[in-house]
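J.: Once you've had a glance at the structure underneath, I'll fire off some questions.
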């Protein structure tokens, strides 16, 4: 990963809609009031994506070990 962007104060985002792989509608209301990790990658990405996914996995494991586990509703991975 090349880095991340964090906001010191929450900011209102525009309305949006994604459809998940299991046909769940993801909107800003779906993500409201919880931390959410959004990752944009590519379906055919031999270099950066596998490394990034490995780092994200380690993040989820570390948070889980500290009792701060994320539900599957708190991570969204978007591939293009």
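In this note's numbering, the protein residues as written are 382 to 461. No residue lacks a Cβ here, since even glycine has one placed at the ideal position from N, Cα and C. This structure is a prediction, so every number in the text was calculated from the model and none was measured.
(1) For residue 423, write down the residues that DSSP places opposite it in a beta bridge.
(2) Go through its chain and collect everything with a Cβ distance to residue 396's Cβ below 8 Å, but skip five positions before and after it.
(3) Beta strand (DSSP E) containing residue 407: first to last residue?
(4) Alpha carbon to alpha carbon, how far is residue 401 from residue 387? Give it in angstroms, no decimals.
(5) Across which residues does DSSP place residue 439 in a beta bridge pair?
T.: Well, looking at it:
(1) Answer is none; residue 423 lacks a bridge partner.
(2) 408, 409
(3) 406-408
(4) 24 Å
(5) In the DSSP output, where bridge partners are listed per residue, residue 439 has none listed.
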